[in-house]
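Counting from 14, one number per residue, gives the positions in the sequence shown under our numbering.
For each residue, glycine too, the CB sits at the ideal point set by N, CA and C.
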Amino acid sequence: MNQTYKNCNGYSVWVTPYYRTSTGSYVVYQSSCAYVANGGSWLWHFSSTVSGVNYGTAFCQPPYPPYNQPEQSSATRCWTYFDPPAPQGGPMTQDYYDCGFTNSWFTPAYTTSNGSLWAYAGNCQKSGPPDPTYVFATDLQWYFPQTNHNVTYTTVFCAGEAR
């Protein structure tokens with residue numbers, strides 16, 4: 014499959030392909046970020062695809078990137094937590110507790126009111142298998158000194174490079 018992005022935004026952007034699973038999870042090809050000037054286009058070629066998903070184009074390298082802060086946690090809660098939950102420009106810590114022990118890569122992202130996905134492609138962290146004696150979730154943490162206004166933050170999977 015070929016996926017083409019044509020930039021008609023009026024300014025240059027960094028973009029990457031992604032797909033959305035039937036459960037609503039986003040999977041971003043973080044190693045395929047491409048710079049596209051206004052009026053330009055970019056083509057990604059996939060030698061194979063994932064069936065039953067919808068492909069799209071996300072923006073990568075959004076403003077206000079976080080700092081990675083991986084750690085082990087004794088928390089028993091799962092999935093994504095934000096502190097504070099809606100910072101509206103202020104600082105925020107985002108935690109992802111991988112209670113499924115998926116041994117996958119994750120990164121923060123956000124969606125805008127028009128449905129655009131913006132992924133922090135340079136901030137992927139691996140949720141490794143826990144120590145056999147450690148029964149709690151792996152905590153992936155990102156600290157944002159500043160956040161974007163009027164967006165919804167989330168955690169997405171990283172899939173490497175579009176192939």
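For this session: Identify whether Gln107 lies in helix, strand or coil by the three-state DSSP scheme.
Result: Locating residue 107 in the sequence shown gives position 94, where the first residue counts as 1. It is a strand residue.
Exercise. Which whole-angstrom value is the C-beta distance of Ser126 and Asn163, which I expect to be below 8 Å?
Worked result: Numbered from 1 along the sequence shown, position 113 holds the residue referred to as residue 126. Numbered from 1 along the sequence shown, position 150 holds the residue referred to as residue 163. 7 Å between Cβ atoms; contact.
Exercise. According to the neighbour-count rule (16 or more other Cβ atoms, all chains shown, within 10 Å of its Cβ), is Trp155 buried or exposed?
Worked result: The count along the sequence shown starts at 1 and reaches residue 155 at position 142. By the 10 Å Cβ count, Trp155 comes out buried.
Problem set entry | Gly69 versus Arg33: straight-line alpha-carbon distance, rounded | Position 56 of the sequence shown holds residue 69. Position 20 of the sequence shown holds residue 33. Cα to Cα, Gly69 sits roughly 8 Å from Arg33.
For this session: Taking 9 Å as the cut-off, decide whether the C-beta atoms of Gln153 and Tyr109 are in contact.
Result: Indexing the sequence shown from 1 puts residue 153 at position 140. Indexing the sequence shown from 1 puts residue 109 at position 96. Sequence check: residue 153 is Leu here, not Gln. Result yes, Cβ atoms of Leu153 and Tyr109 sit closer than 9 Å.
Problem set entry | Where Ser44 falls: helix, strand or coil (DSSP) | Here residue 44 refers to the residue found at position 31 of the sequence shown. Correct three-state label for Ser44: helix.
For this session: Kindly list the residues whose CB is nearer than 7 Å to the CB of Cys171, restricted to its own chain and excluding five residues on each side of it in sequence; keep chain order.
Result: As a first step, residue 171 is located in the sequence shown; it is residue number 158 there, counting from the start. The answer, listed in chain order, is Val41, Gln43, Trp118, Phe119, Thr120, Cys137.
Problem set entry | Which listed residue (Thr151, Ala134, Phe72) has its alpha carbon closest to that of Gly7 | Because the chain spans 14 through 176 in this model, residue 7 falls outside it and cannot be assessed.
Problem set entry | Top-ranked residue by Cα proximity to Pro78, from Pro98, Pro104, Ser45 | Here residue 78 is taken as the residue at index 65 of the sequence shown, counted from 1. Out of Pro98, Pro104, Ser45, the CA that lies nearest to the CA of Pro78 is found in Pro104.
For this session: Have a look at Val66 and Ser60 and give me their C-alpha separation to the nearest angstrom.
Result: Walking along the sequence shown from the start, residue 66 turns up at place 53. Walking along the sequence shown from the start, residue 60 turns up at place 47. Using only the alpha carbons, I get a separation of about 16 Å.
For this session: Rank Trp57, Lys19, Ala47 by C-alpha distance to the C-alpha of Ala134 and give the top, closest one.
Result: For the purposes of this step, residue 134 is taken as the residue at position 121 of the sequence shown. Of Trp57, Lys19, Ala47, the smallest CA-CA separation from Ala134 is found for Ala47.
Problem set entry | For Asn81 and Pro98, the rounded distance between their alpha carbons | As a position in the sequence shown, residue 98 is number 85, starting the count at 1. As a position in the sequence shown, residue 81 is number 68, starting the count at 1. The alpha-carbon atoms of Pro98 and Asn81 are separated by roughly 18 Å.
Problem set entry | Span of the beta strand (DSSP E), counted from its first residue to its last, around Gln16 | As a position in the sequence shown, residue 16 is number 3, starting the count at 1. Here the beta strand (DSSP E) through Gln16 covers 15 to 19.
Problem set entry | Contact under 9 Å by Cβ, Thr29 with Ser45 | Reading the sequence shown from its first residue, position 16 is the one you call residue 29. Reading the sequence shown from its first residue, position 32 is the one you call residue 45. Yes, the pair counts as a contact, with Cβ atoms nearer than the cut-off.
Problem set entry | Beta-carbon proximity of Trp55 to Tyr18, cut-off 9 Å | As a first step, residue 55 is located in the sequence shown; it is residue number 42 there, counting from the start. As a first step, residue 18 is located in the sequence shown; it is residue number 5 there, counting from the start. Result yes, Cβ atoms of Trp55 and Tyr18 sit closer than 9 Å.
Exercise. Which one of Cys21, Asn51, Ser64 has the shortest CA to CA distance from Ser35?
Worked result: Along the sequence shown, one-based indexing puts residue 35 at 22. In this structure, Ser64 is the residue among Cys21, Asn51, Ser64 with its C-alpha nearest to the C-alpha of Ser35.
Exercise. Which of helix, strand or coil does DSSP assign to Asn136?
Worked result: Locating residue 136 in the sequence shown gives position 123, counting from the first residue. Residue state for Asn136 is assigned as helix, using DSSP reduced to three classes.
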